[in-house]
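The sequence shown runs 12 to 73 under my numbering.
Beta carbons: idealized from backbone N, C-alpha and C, even for Gly.
Model, not experiment: these values are computed from the prediction.
Report on the following structure.
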Amino acid sequence: MKTELGKLNVGIKKAFKTELRVPVRTPTDRLMDLGVQNTLEELRDAQIDAQLKQLDGTANGR
Numbered sequence: 012m013k014t015e016l017g018k019l020n021v022g023i024k025k026a027f028k029t030e031l032r033v034p035v036r037t038p039t040d041r042l043m044d045l046g047v048q049n050t051l052e053e054l055r056d057a058q059i060d061a062q063l064k065q066l067d068g069t070a071n072g073r
């Protein structure tokens, strides 16, 4: 499972760098320090938080 997450994180890093039009060799740490890139775990946690907030606002979720 960890290797799959690692592969997905690498893909996300490459996609962010491509979208930002920076070289793929740009150190990931610099992008992480700027806050312009998220790991898969951070994206997953944000998605779960958003879903829970949405459920809190529904009659069945209360």
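| task | Spell out a yes or no on whether the stretch 37-56 and the stretch 15-29 are touching, meaning 3 or more CB-CB pairs, one atom from each, closer than 8 angstroms. | result | yes
| query | Secondary structure at residue 21, three-state DSSP: helix, strand or coil? | reply | helix
| query | What's the C-alpha gap between residue 70 and residue 62? | reply | 14 angstroms
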